[in-house]
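Protein chains in written order, with our numbering: chain A, 1 to 262; chain B, 263 to 1050.
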Amino acid sequence: MYDFILERPTSLDAAVALLSDEDAQALGGGQTLIPTLKQRLAQPGRLVSLTAIPGIRGICRAEDGALCIGGTTPHGEVATGATAYPALADLAGNIGDPAVRSRGTIGGSLANNDPSACYPAAALASGATIVTNDRQIAADDYFQGMFTTALEEGEIITEVRFPVPEVANYQKFEQPASRFALVGVFVAKYPDGVRVAVTGASEEGVFRWTEAEAALSANFTADALDGLSAPADGMIGDLHGTPAYRAHLIGVLTKRAVAAAS
Amino acid sequence: MPKDGGIGASSKRREDVRFLTGQGNYTDDINIHGQAHAVFVRSQVAHGTLNGVDTADAAAMPGVLRVFTGADFEGVGSIPCGWQVTDRFGEVMQEPGHPVLAQGKVRHVGDPIAVVVAETYEQARDAAEAVVPDITDLPAVVDMKAALAEGAPKVHDDLTSNLCYDWGFVEDNRDAVDAAIRGAHHVTTLELVNQRLVANPMEPRVAIGDYAPGTGDSTLYTTSQNPHVIRLLMGAFVLGIPEHKLRVVAPDVGGGFGTKIFHYAEEAFCTFAAKALKRAVKWTSTRSEAFMSDAHGRDHVTKIELALDEQGQFLALRTDTHANMGAYLSTFAPSVPTWLHGTLMAGNYKTPLIYVNVKAVFTNTVPVDAYRGAGRPEATFQLERVIDKAAREMGIDPVDLRRRNFITEFPYATPVAVEYDTGDYNATLDKLLEIADVAGFSAREAESKARGKLRGLGLNCYIEACGIAPSNLVGQLGARAGLYESATVRVNATGGLVVMTGSHSHGQGHETSFPQVISEMIGIPEDMIEIVHGDTANAPMGMGTYGSRSLAVGGSAMVRATEKIIAKAKKIAAHLMEAAEGDIELKDGQFSVAGTDKSVAWGDVTLAAYVPHNYPLEDIEPGLEETAFYDPANFTYPSGAYACEVEVDPDTGKVTIERFAAADDFGNVVNPMIVDGQVHGGLAQGIGQALLEGCSYDSDGQLISGSYMDYAMPRADDVPFYSVDHSCQTPCTHNPLGVKGCGEAGAIGSPPAVVNAVVDALQRAGHSDITHIDMPLTPARVWSAMNG
């Protein structure tokens, strides 16, 4: 990797100030950024580590019952600590391997918005709120295409608030090499309806499968999805699967998620 | 009762103590005082005219010692090819030049163009980015059949075409095979791909060149399976350094799988640059570089036809293969699809007529060479797949069809020019049916069905030719080397001994298993015996480790040298006990006089050899050290039968391996635990090929699967607990240990078992139209097959 200066600010304000330099880049757990640097595909002059900032790591419940996860909370902590939201804990426990889960953070994953990452599906299906140093962003407004989010330059995710559903489940079908989601479907049932979010499949990144949501909101059974199929248009086609295969998997995994959640 | 030492004991691998505690000494662990660092600039296009290389900016950057380009190597030899194949018309193959650094053209993504040598690795890497090659892109040839089409772009302008050779074997059988197929009761035809693989040893390649100006001696430290072969190829053919001025050291090597047999440009470069700069020069491959510079494996496209009579007797076999050579001829590349492939097409069966045609083709891709099994997996896969298909078409049980055609009398001369010395194919098949619990399959199938899964059972047999090979034979076949092995046994005064072997261990466990043999012969503890390998300064000439040859050939050399030691020691013992030499017996480390209670210990004799006060100096020399070279009389022929049970998820196409059983005949077994491990590793590689691994290029010659994000290696949870058995033993008849070799069997025998099982599962589920799916059987491919 190229030389860079590593900053470890101990307050949010200091981190925000450091990130105002356009040559600076935020560093969460580094599970995407560090490999990118090692391959010399990025050359930030200054890395601003967020992990020494107090108060933005950990899990708690908000007064309205939402599960709040600090932006720098690693996946491993969510896997063991998000007991109030078992489907979310289960998702976190199946990201990468133990090394990845001990370093990678929820804020880093959501800020990166890899089209095959797991967390975006959970956030979107849960109607989560992404809290930054500056504002609160609804998940429906946050994800704006692969590797693209509503975050402004230098904006830091401090917390993610997940309304806890009645039942939920995440089904990941792994890409054989990377074991990222070839397709992942998160289904969450709330009193006011069902939300279904799909990762891994679309060229536009994570998205809601609204036809399935409508059917499941009326009848939360796998059978309710009979006859529904996600369109192959706009799906990713690569070595590991055609658009048609990914579209097919969306249907299979959504049914499985409903069956497992019920 | 298991033995606790010697031949047949599962002695714990002594080398694992250092490997597992971080105490290994791998090439990258070696750092020479004052060493500089090399970073290669590689082609990012598959094919282009190299008009020039602008190195001015790079040369001026901090720490840069020198930037080398192809121009620096104009007086240097070409990277040689070690095997010359003669085609079916009697002409020798087309053999292009292979410069250390590109000259005039680049021919594949990863082709080295320039090298920056700098004080530090980071400086070299910074400067490498400032090297600017001037390349005019040319259209690339990637597909083999397109490469042979009229007017296709030529990889090498000085060759007449992209055809390396058109090989026919046995050419005299061609017409008879054609006639037999035309007139047969039934002909089963199968077209298939044996896909390109990347070896991916855990340790990437490393080379360190060193030069001593005071003596003019060069040393190369390298990740090699055969340091003597590298010394010969690089010294004699590339750099013009005689062997006595060139030492090659291959210390601990973290896996080879074939891809570390070959002589690579980076080795020649570091040796050359060290002399030019009078400093050690080190290069360590990144994993990304490994994907585009380590020789790849397999990459055959084949059509096979099997003719049968009404009873299912095999009448004739015809196979037509296109074999990818890549952009240059790697060291043993021409031999893989020919002599290591065509000669195995008889398999375990007495097919009277066989004809093999192979067209080897140059393309704008990484060179392809031997990879675990090398030619034999390709032969086994097509043969055992077409037999399965024939069984289905003719309504004959696949086990029964194989049995009807088994070779049962030995020695057996095949119609493809090899003679199997021994074997018992019914015995391994019977053992397989037992350990695989084939009888219980129906119950397991029903249980799978209840869970919505499709279960299938696939079986196959295999035979391989190992222990390569009689030197005079391979010389006739085009090898430019002999294939003997050597060993020096040096006994020390206090009785311990060191074996310097030309075999090389890079995971095989020689440091444990070789001492077991000598321990058995002399009757001394294994820990009195040390194995030294991997250094041309120690061992006599050695041909190295590949083709499952170490114990069969290198072990035999060690046995011969030890026999000489024992013969001399008996003379010394006879003198010490004032007895006739012919009366001396050696047992459990004691020399005794037959019929008396007189004895002397091994250590008394070895001490006398080095402190020869009471010693027959007039008859024999002091000291106790012997060397032997062993040239095998024939190949060895391990064989066996494998069974795989899979479940297919009909909704997603995902295949899981539920059971895998392997019954092998390796002849005598020295260390059963090590043999189990070798089979386990081979099975994981074969399952990896069947389900996961595949190296892909796009039509422009860009490597798509250039990292572990897209190239799927098998992981622990991809493979089942194996049932492995090697109790069926027909010892090799022509080497002193009766051993056959076990390193490649798992990788050779397992891919057809997996594919047979998946096809079986789909057929049982009513997909009667699915007779084959090309590897790797990814979920997407299986689902596509099921959904038209």
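Every residue, glycine too, gets a C-beta built ideally from N, C-alpha and C. Nothing here was measured: the structure is a model prediction, and the numbers come from that model.
Interface residues of chain B facing residue i [CB-CB closer than 7 Å]
i, result
"A/Val-252", "Asp-913, Thr-914"
"A/Phe-173", "Thr-914"
Short Cβ contact (8 Å threshold) for residue i with residue j
i, j, result
"B/Thr-690", "B/Ala-903", "yes"
"B/Ala-320", "B/Ala-364", "no"
"B/Cys-957", "B/Thr-898", "no"
"B/Leu-410", "B/Lys-621", "yes"
"B/Ala-924", "B/Leu-945", "yes"
"B/Thr-889", "B/Asn-488", "no"
"B/Arg-224", "B/Gln-575", "One cannot answer for residue 224 of chain B here, as it falls past the ends of chain B, which runs 263 to 1050."
"B/Gly-963", "B/Val-371", "yes"
"B/Ser-969", "B/Ser-550", "yes"
"A/Ile-106", "A/Thr-149", "no"
"B/Ala-905", "B/Pro-1038", "no"
"A/Tyr-119", "A/Pro-163", "no"
"B/Val-500", "B/Ile-341", "yes"
"B/Thr-627", "B/Val-404", "yes"
"B/Gln-778", "B/Gly-337", "no"
"A/Ile-137", "A/Gly-71", "no"
"B/Asp-631", "B/Ala-608", "no"
Residues near residue i by beta carbon distance below 8 Å, same chain, minus five either side
i, result
"B/Pro-878", "Lys-833, Ile-834, His-837"
"A/Leu-18", "Glu-7, Pro-9, Ala-24, Arg-46, Val-48"
"B/Arg-1043", "Gly-915, Ile-1035, Asp-1036"
"A/Ala-260", "Asn-169, Gln-171"
Cutoff 6 Å; reference residue i; Cβ partners in own chain excluding five residues on either side
i, result
"A/Gly-200", "Ser-116, Ala-181, Leu-182, Val-183, Gly-184"
"B/Ala-1027", "Leu-716"
"B/Glu-920", "Glu-907, Glu-909"
"B/Glu-528", "Ala-469, Trp-545"
"B/Asp-316", "Val-394"
"B/Tyr-483", "Thr-289, Ile-292, Ile-470, Val-511"
"B/Pro-475", "Lys-540"
Interface partners of residue i on chain B, CB under 8 Å
i, result
"A/Ser-178", "Tyr-970, Met-971, Asp-972"
"A/Leu-249", "Thr-914"
Within chain A, the residues that residue i reaches when beta carbons sit closer than 7 Å
i, result
"B/Ala-1042", "His-240, Gly-241, Thr-242, Tyr-245"
"B/Ser-480", "Within 7 Å Cβ-Cβ: nothing; B/Ser-480 doesn't reach chain A, min ~33 Å."
Residue from the options with nearest C-alpha to residue i
i, options, result
"B/Pro-374", "B/Glu-384, B/Pro-361, B/Tyr-383, B/Asn-1049", "B/Pro-361"
"B/Phe-853", "B/Met-656, B/Ile-784, B/Leu-459, B/His-768", "B/Ile-784"
"A/Glu-166", "A/Val-160, A/Pro-98, A/Ala-188", "A/Ala-188"
"B/Leu-735", "B/Val-680, B/Ala-823, B/Ile-443, B/Ser-989", "B/Val-680"
"A/Gly-93", "A/Gly-104, A/Thr-83, A/Val-78, A/Glu-213", "A/Val-78"
"B/Lys-860", "B/Pro-874, B/Ala-842, B/Val-873", "B/Ala-842"
"B/Tyr-892", "B/Leu-327, B/Ala-731, B/Asp-437, B/Lys-711", "B/Ala-731"
"A/Val-258", "A/Asn-133, A/Asn-169, A/Pro-176, A/Ser-178", "A/Asn-169"
"B/His-299", "B/Ser-273, B/Arg-328, B/Gly-310, B/Gly-284", "B/Arg-328"
"B/Ala-856", "B/Ala-1007, B/Met-839, B/Asp-850, B/Asp-845", "B/Asp-845"
"A/Ile-59", "A/Ala-26, A/Thr-51, A/Thr-83, A/Leu-41", "A/Thr-83"
"B/Val-563", "B/Ala-641, B/Asn-610, B/Lys-612", "B/Ala-641"
"B/Val-941", "B/Asp-1031, B/Ser-810, B/Asp-659, B/Gly-744", "B/Ser-810"
Same chain only: Cβ atoms within 7 Å of residue i, ignoring 5 sequence neighbours per side
i, result
"B/Met-803", "His-490, Ser-748, Gly-764"
"B/Gly-518", "Pro-463, Gln-487, His-768"
"B/Ser-961", "Val-404"
"A/Val-16", "Asn-133, Gly-154, Ile-156"
"B/Glu-773", "Arg-276, Glu-277, Ser-767, Ile-793"
Chain-ordered neighbours of residue i on chain A, where CB pairs are closer than 8 Å
i, result
"B/Ser-1046", "Thr-242, Tyr-245"
8 Å Cβ cutoff, residue i in contact with chain D
i, result
"B/Asn-667", "Looking for chain D here will not work: the only protein chains present are A and B."
* Proximal residues, the region 955 to 977 of chain B versus chain A, C-beta separation under 7 Å -> Ser-958, Ile-966, Ser-967, Tyr-970, Met-971, Asp-972, Tyr-973, Ala-974
What are the residues in the region 124 to 144 of chain A lying within 7 Å of chain B by C-beta distance? none
Chain-ordered residues of the region 537 to 567 of chain B with a beta carbon less than 8 Å from chain A: Ser-550
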